[in-house]
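Colleague: For the sequence shown, the positions run -18 to -1, 1 to 128 when mature numbering (1 follows the signal peptide of the UniProt record, and there is no 0) is used.
Take a look at this one; I'll ask things after.
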Amino acid sequence: MTILFVFILVLFIGCSIGESPRFYSSDTLGNGATLYQEGYLGATNDAYFVIMQRDGNLVVYTSRDFSSVNAQWSSKSAGKGQEPFRLIMQDNGNLVIRDAVNQLIWSTRTAGKGVKPHYLVMQIDRNLVLYDGHHQPIWASNTTKW
């Protein structure tokens, strides 16, 4: 039984390490949640995506083909810090990218703005928006198509 458990665990970990980006299963990153490197959020219309890339850059794309021609916005944090990177929706309202040694790579500089709980949404209008607990926007990528 132990051998079977170890085999399944190794298989699961091996499948999780691949090069393919991993969907976060939502359009929203909630308060206190983390989007890990190669993870992405998808708008509910399945047309727009934001991915935490391996190079440390957070990028909004207009297609699941995450190539530069489809990029609409980026945090301009590529090449800063050490991978793996992660995007964190902090409890204080600040959205941050941190690297492997917990160094701050990028921030929305929204700590203390609005009321808790905060959340990030990849919207169907192509805009990436950080909302407070009263559903008021406190930061946006300003990439709306309308």
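Even for Gly, the Cβ is constructed at its ideal location relative to N, Cα and C.
Just so it is clear, the structure is predicted and the values come from calculations on it, not from any experiment.
Looking at the strands, I want to know which residues DSSP matches up with ARG68.
Modeller: Here residue 68 is taken as the residue at index 86 of the sequence shown, counted from 1. Bridge partners of ARG68: TYR18, ARG80.
Colleague: Are there three or more Cβ pairs, one per stretch, closer than 8 Å when the stretch 49 to 65 is compared with the stretch 31 to 39?
Modeller: They touch, by the three-pair rule.
Colleague: Is it buried or exposed, ARG91, if we count other Cβ atoms within 10 angstroms and call 16 or more buried?
Modeller: Along the sequence shown, one-based indexing puts residue 91 at 109. Exposed, since its Cβ has fewer than 16 Cβ neighbours within 10 Å.
Colleague: Give the C-beta separation of LYS127 and ASN13 to the nearest angstrom, bearing in mind that I take them to be a contact with Cβ-Cβ under 8 Å.
Modeller: Along the sequence shown, one-based indexing puts residue 127 at 145. Along the sequence shown, one-based indexing puts residue 13 at 31. Going by Cβ atoms, the distance from LYS127 to ASN13 rounds to 27 Å, so no, they are not a contact pair.
Colleague: Hey, ILE33 and TYR22 are a contact pair by Cβ (cut 8 Å); roughly how many whole angstroms apart?
Modeller: For the purposes of this step, residue 33 is identified with residue 51 of the sequence shown, where counting begins at 1. For the purposes of this step, residue 22 is identified with residue 40 of the sequence shown, where counting begins at 1. The pair is a contact, with the Cβ atoms about 4 Å apart (cut-off 8 Å).
Colleague: If GLY94 sits next to ASP114, beta carbons under 8 Å apart, how far is it from one beta carbon to the other, in whole angstroms?
Modeller: Counted from its first residue, the sequence shown places residue 94 at position 112. Counted from its first residue, the sequence shown places residue 114 at position 132. About 11 Å separates the two Cβ atoms, so there is no contact after all.
Colleague: Can you check DSSP and say which residues form a bridge with VAL32?
Modeller: As a working mapping, residue 32 is identified with position 50 in the sequence shown. In DSSP, VAL32 forms a bridge with LEU23, VAL42.
Colleague: In chain order, what residues of the same chain lie with their CB nearer than 8 Å to the CB of SER89, ignoring the 5 residues before and after it?
Modeller: As a working note, residue 89 is residue 107 in the sequence shown. ASN76, LEU77, VAL78, ILE79.
Colleague: Taking C-alpha atoms, which residue in TRP55, LEU86, ASN52, GLN54 lies nearest to ARG68?
Modeller: The residue given as residue 68 occupies position 86 in the sequence shown. If we check each option's Cα against that of ARG68, LEU86 comes out closest.
Colleague: DSSP state of VAL111, grouped into three classes?
Modeller: One-based indexing of the sequence shown puts residue 111 at position 129. If DSSP states are grouped into helix, strand and coil, VAL111 belongs with the strands.
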